[in-house]
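Chains as they are written, first to last, in my numbering: chain C, 747 to 837; chain V, 75 to 664. Note that the Cβ used here is the ideal one computed from N, Cα and C, for glycine as well. Since this is a predicted model, take the numbers as computed values, not measurements.
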C-alpha cells in the first residue's frame, strides 16, 4: 500500500468533470483506490463518493492505493492532480 | 454571436405584452406556442419483498442501470450530432459522461443491492434511498459547485426509478413549441430538443446546472427562475422567450410577434456573416495580409478552435508535457502525449505555420531538480533551464523536428525568455546540430522577445534567427516591474504603456532592417485596437486565443495599412497611457 498527499489546484475543485476523469483513470487499474479527507475515507472508484468529498481548490487530500499496479496508478493519478485535471483555465 | 440583444420594442398595451423577468440561461430568441409541462410526481412502491425475491429485484436494478446508461450514451451521440458550438458540445458530452460514471458507480450498485437484501425493499425504493443519502451529503457540502450537481443526480434517480416502474415519458409537442415548466432536467431537455422545441422556460434552476449547459449546447433559448410562470401562461398560447435578456412575454400583440420574428431573422443573418468572416483571411482594408493565428496549450483545445479557422498556430505551448513521464535530468522522455499533440497541431495547421515554443517553465515547476526561489519571475526559467539541462533541450528539439519535418506545415521552433545574444547563439547551435540529422527538413528557428534586454538587442539578434515573436504579457511585466497576478500592483501592469510600445517599435524596426519575420503572441494581439497598431508598426502576424480572432479580424478589415502606420507613429511618440488610449480611439471599429 502506498500513500501520497495532494492538493487540489484547479479553481473549480473536484466537481463533476474532474471526478469523472479521476474515477475513469482509477478504473484502469486493479489497485484499490481510497481518498482520505478530514477523517473520512472514501472509495475513490465511486464517482458519488468522490463528489461528496466536495474538494475545492486548495483542499489537501491523501491518496491511498493498494494493489499490484499501485505504483503506475499513483503516477497517473498524481498527474491528474498536478495538471489540475486539465482545467486550470476554468472559472 | 455577441451583438446587442433587444432590437425589438415592447410596447405597453393593456392586458397584452406582459413581461416576466427571469434569469438568462441559454442565449437565443424564440416565439411559439406554449406547452405547459408538468410531469407527475413519482410514487414509490410500498410493498415489502420476500427474501426469495431479493435476487430478482437486484437483477432488475442492474438491468435498469444498464438501460439508463445505454440511453445516456445515445443521448450523448444525439447531442453531439446537433448543430452548435464545439466547446459547448464538449461540455454537454462531459455532463453525459458524468451521468454514465454515476450509473457505473460500483459503490452505488453495492449499496442498492445491500439495501434490497437487508431491508427487503423493492428496487425503486432502494434506489431512492441510496441516492437520497448522497444528495443529502452534497446538500450540506459548502460549495455551490457541488450542490449544483444535485439536479443531475436527481435526474438520474428519476430515470432509474421510472425505468424500474416501466414508465415512459411520453410527450407530444410540435416543432417550435416553447416548453414552460416548474423545473426541467437535462435528459428532458435533450428529449425536447429532439422534437425541435423553440425555447424553454422554468420556474426553478441554477445557473451552472447541467440543464442550462445542455440547452446552450443545443442552441435552445432558456430562461430560468421565472416566478409562477406555469400558472400565468395558458396552454397553447403564443409567447416570446428571450434568452439574451432573460425575459418571457406572455399575451404578445401581433405587432410584437412580427418585430420579434424580424429580430430572429436579423440574428440569423448576423450569424451567417460571422461564419463567413471565419472563412476570410486576416487582412487590412487595403488588402495587406496579416495572418491571425491561434495560441494552443492543450490537445483538447484543437477541436474547439477549428471553427474560428485560424491561419496557423502562432504559439504552441509545450509546458503541459514537461512533466511527462521521463527522466528530466538526462532528457530521456517517452513523450507520447507531446508527440500526439504535435501531430494533431500539425494537422490543424495544414500548410500554414506551426510555431512550437520550447518548454517555458519556471524553477518552481521542477520539483525534481530545483529549490524554491524567492523570486521565480526573475529566476531560473525558460531558456536558462534549457541551456543548463542540455540533454532536455536536445531531446525536445529532436522530438519536435523528428515529429514535424514530414508534415506540410511550416514548422518554426521558438526559444523562450532569452535575455542576451549568447543564449541565442548557443540555442541556434543546438538547433543546427539536431537539424543535421534531417537535411531535407525546412524548419525555422526563432526567439521570443519578452524581456526588455532582448527587445533592445533585436538588431543584434536578428542575424541569428529566422523570426522573432513578441510575448507582450511578459514584456509588460518585465518592463514595468509589475506582476499582473498581484492585485496590489495591478494598475501598474498595463500593456498600453508607451514604453512597451516603444520596445515593440524598436524590435519591429530591427526586424524590418534585417528582413526578419515578426509576430506577436501575447494578449495585446487580442486587443483589437492595439493589434491594429502592431500591424502599423510592421508586425507580420498575430497570434491569440481563438475566440478573439473574429473581433481582431473585423477591426483590421476596417482600417488601411496607411492609417495604421500613421497611428503607430503617433503611438510611439506618446508619453502616457492615456495619450495612447486617445490615439487608439482613432482606429475604426465595427
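Self-check item: Inside the segment 766-829 of chain C only - alpha helix (DSSP H) runs reaching at least 4 residues
Solution: 793-798, 816-828
Exercise. With DSSP collapsed to three states, give me the class of residue 678 of chain V.
Key: Residue 678 of chain V lies beyond the stretch modelled for chain V, which goes from 75 to 664, so this question has no answer here.
Quiz item: If we cut at 7 Å on Cβ distances, does residue 794 of chain C have a partner in chain V?
Solution: As a first step, residue 794 of chain C is located in the first chain; it is residue number 48 there, counting from the start. Closer than 7 Å to some Cβ of chain V, the Cβ of residue 794 of chain C qualifies, so yes.
Practice problem: Can you give me the Cβ contacts of residue 306 of chain V inside the same chain, cut-off strictly under 8 Å, excluding the 5 residues immediately before and after it? | Solution: In the second chain, the residue the question calls residue 306 of chain V occupies position 232. Here residue 306 of chain V has 92, 94, 324 as same chain residues with Cβ atoms under 8 Å from its own Cβ, once five neighbours each way along the sequence are excluded.
Quiz item: Can you give the Cα-Cα distance for residue 572 of chain V and residue 598 of chain V, rounded to whole angstroms?
Solution: The residue you call residue 572 of chain V lines up with position 498 of the second chain. The residue you call residue 598 of chain V lines up with position 524 of the second chain. Whole-angstrom Cα-Cα distance: 13 Å.
Quiz item: What is the rounded straight-line gap between the Cα of residue 384 of chain V and the Cα of residue 609 of chain V?
Solution: For this step, residue 384 of chain V is matched to residue 310 along the second chain. For this step, residue 609 of chain V is matched to residue 535 along the second chain. Distance between the alpha carbons of residue 384 of chain V and residue 609 of chain V: 17 Å.
Self-check item: contact_flag[the segment 473-481 of chain V, the segment 526-535 of chain V] where n(CB pairs < 8 Å) is 3 or more
Solution: no
Quiz item: Does the Cβ of residue 144 of chain V have 16 or more other Cβ atoms within 10 Å, making it buried, or fewer, making it exposed?
Solution: The residue labelled residue 144 of chain V in the question sits at position 70 within the second chain. When all chains shown are included, residue 144 of chain V counts as exposed.
Quiz item: What residues in the segment 791-818 of chain C bring their beta carbon closer than 7 Å to a beta carbon of chain V?
Solution: 791, 792, 793, 794, 795, 797, 798, 800, 802
Quiz item: What do you reckon, are the CB atoms on residue 177 of chain V and residue 139 of chain V nearer than 7 Å?
Solution: Here residue 177 of chain V refers to the residue found at position 103 of the second chain. Here residue 139 of chain V refers to the residue found at position 65 of the second chain. The answer is yes: Cβ separation under 7 Å.
Exercise. Assign residue 603 of chain V to one of three DSSP states: helix, strand, or coil.
Key: For the purposes of this step, residue 603 of chain V is taken as the residue at position 529 of the second chain. Residue 603 of chain V falls in the helix class under three-state DSSP.
Quiz item: Where does residue 396 of chain V sit, in a helix, a strand or coil, going by DSSP?
Solution: Here residue 396 of chain V refers to the residue found at position 322 of the second chain. Note: residue 396 of chain V maps to coil in three-state DSSP.
Quiz item: Near residue 235 of chain V, what residues of its chain come up, given a Cβ to Cβ distance below 7 Å and the 5 sequence neighbours on each side ignored?
Solution: Here residue 235 of chain V refers to the residue found at position 161 of the second chain. So the list reads 116, 198, 201, 202, once near-sequence residues are dropped.
Quiz prompt | Contacting residues, own chain, Cβ-Cβ under 8 Å from residue 499 of chain V (five flanking each side not counted) | solution = Indexing the second chain from 1 puts residue 499 of chain V at position 425. For residue 499 of chain V, where only same-chain residues beyond five positions count, the Cβ hits under 8 Å are 538.
Practice problem: Grab me the residues of residue 779 of chain C's own chain with a C-beta within less than 6 Å of its C-beta, minus the 5 sequence neighbours each way, in chain order. | Solution: Counted from its first residue, the first chain places residue 779 of chain C at position 33. For residue 779 of chain C, where only same-chain residues beyond five positions count, the Cβ hits under 6 Å are 772, 790, 791, 811.
Exercise. Determine the contact status of residue 428 of chain V and residue 376 of chain V, defining contact as a CB-CB distance below 7 Å.
Key: One-based indexing of the second chain puts residue 428 of chain V at position 354. One-based indexing of the second chain puts residue 376 of chain V at position 302. Against a cut-off of 7 Å, the Cβ pair of residue 376 of chain V and residue 428 of chain V comes out as no contact.
Exercise. Report yes if the C-beta of residue 250 of chain V is less than 6 Å from at least one heavy atom of the ligand GDP; otherwise report no.
Key: Absence of the ligand GDP is noted for the structure shown, with no ligands found whatsoever.
Practice problem: List the endpoints of the continuous alpha helix (DSSP H) containing residue 638 of chain V. | Solution: Counted from its first residue, the second chain places residue 638 of chain V at position 564. Counting along the chain, the alpha helix (DSSP H) containing residue 638 of chain V begins and ends at 635-647.
Practice problem: Note the first and the last residue of the continuous alpha helix (DSSP H) segment covering residue 370 of chain V. | Solution: Locating residue 370 of chain V in the second chain gives position 296, where the first residue counts as 1. Residue 370 of chain V -> not in any alpha helix (DSSP H); beta strand (DSSP E) instead, spanning 366-370.
Quiz item: Is the beta carbon of residue 368 of chain V less than 7 Å from the beta carbon of residue 356 of chain V?
Solution: Counting from one through the second chain, the residue named residue 368 of chain V turns up at place 294. Counting from one through the second chain, the residue named residue 356 of chain V turns up at place 282. No, they are not a contact pair.
Quiz item: Is there at least one Cβ from chain V nearer than 7 Å to residue 772 of chain C's Cβ?
Solution: By one-based count along the first chain, residue 772 of chain C stands at place 26. Residue 772 of chain C does not count as touching chain V.
Self-check item: Beta-carbon spacing of residue 252 of chain V, residue 272 of chain V below 7 Å
Solution: Reading the second chain from its first residue, position 178 is the one you call residue 252 of chain V. Reading the second chain from its first residue, position 198 is the one you call residue 272 of chain V. For residue 252 of chain V and residue 272 of chain V, yes; Cβs fall inside 7 Å.
Exercise. Please determine, among C:768, C:754, C:799, C:777, the residue with the shortest C-alpha to C-alpha distance to residue 784 of chain C.
Key: On the first chain, position 38 is the one that residue 784 of chain C refers to. Residue C:799 is the option with its Cα nearest to residue 784 of chain C.
Exercise. Quickly, what does DSSP pair residue 522 of chain V with across the bridge? List them, please.
Key: Here residue 522 of chain V refers to the residue found at position 448 when the second chain is read from its first residue. Bridge partners of residue 522 of chain V: V:543.
Quiz item: If we count the other Cβ atoms within 10 Å of its Cβ and call it buried at 16 or more, is residue 661 of chain V buried or exposed?
Solution: The count along the second chain starts at 1 and reaches residue 661 of chain V at position 587. Buried is the label assigned to residue 661 of chain V, since at least 16 other Cβ atoms lie within 10 Å of its Cβ.
Quiz item: What's the gap between the Cα of residue 593 of chain V and the Cα of residue 395 of chain V?
Solution: As a first step, residue 593 of chain V must be located in the second chain, where it is residue number 519. As a first step, residue 395 of chain V must be located in the second chain, where it is residue number 321. Cα-Cα distance, rounded: 24 Å.
Practice problem: Answer yes or no: does any C-beta atom of chain V fall closer than 7 Å to that of residue 780 of chain C? | Solution: Counting from 1 along the first chain, the entry for residue 780 of chain C is found at position 34. False, the Cβ-Cβ gap to chain V never drops below 7 Å.
Practice problem: Look up residue 158 of chain V in the DSSP assignment and say whether it is helix, strand or coil. | Solution: Taking the first residue of the second chain as position 1, residue 158 of chain V is located at position 84. Reliability fails at residue 158 of chain V, whose pLDDT of 49 lies under 50, so the model's placement of it is uncertain and the value that follows must be treated cautiously. Three-state result, residue 158 of chain V: coil.
Quiz item: So, is residue 87 of chain V buried or exposed, given that buried needs 16 or more other C-beta atoms within 10 angstroms?
Solution: Residue mapping note: residue 87 of chain V aligns to position 13 of the second chain, counting from 1. That one is exposed.
Quiz item: For a contact meaning CB atoms closer than 8 Å, what does residue 168 of chain V contact in chain C?
Solution: Residue mapping note: residue 168 of chain V aligns to position 94 of the second chain, counting from 1. Those are 762, 763, 766, listed as they occur along chain C.
Practice problem: Grab the span of the beta strand (DSSP E) containing residue 94 of chain V for me, first residue to last. | Solution: Locating residue 94 of chain V in the second chain gives position 20, counting from the first residue. Unbroken beta strand (DSSP E) run through residue 94 of chain V: 92-95.
Practice problem: Kindly say whether residue 87 of chain V, judged by its beta-carbon, lies nearer than 7 Å to any beta-carbon of chain C. | Solution: In the second chain, residue 87 of chain V corresponds to position 13, counting from 1. Taking Cβ atoms only, chain C never reaches closer than 7 Å to residue 87 of chain V, which makes this a no.
Exercise. Check each residue of the segment 217-230 of chain V: if its Cβ is closer than 8 Å to any Cβ of chain C, include it; give the result in chain order.
Key: Listed by position along the chain: 217, 219, 220, 223, 226, 227.
Quiz prompt | Distance between beta carbons of residue 604 of chain V and residue 658 of chain V, contact taken as under 8 Å | solution = On the second chain, position 584 is the one that residue 658 of chain V refers to. On the second chain, position 530 is the one that residue 604 of chain V refers to. 7 Å between Cβ atoms; contact.
Quiz item: For chain V, is any of its Cβ atoms less than 7 Å away from the one on residue 758 of chain C?
Solution: Within the first chain, the letter at position 12 stands for residue 758 of chain C. Chain V, which has a Cβ nearer than 7 Å to the Cβ of residue 758 of chain C, makes this yes.
Practice problem: Just mark residue 78 of chain V as buried or exposed, buried being the case when its beta carbon has 16 or more other beta carbons within 10 Å. | Solution: Taking the first residue of the second chain as position 1, residue 78 of chain V is located at position 4. In this predicted model, residue 78 of chain V has a pLDDT of only 44, less than 50, meaning its place in the structure is not dependable; the value taken from the coordinates is given anyway. Residue 78 of chain V comes out exposed.
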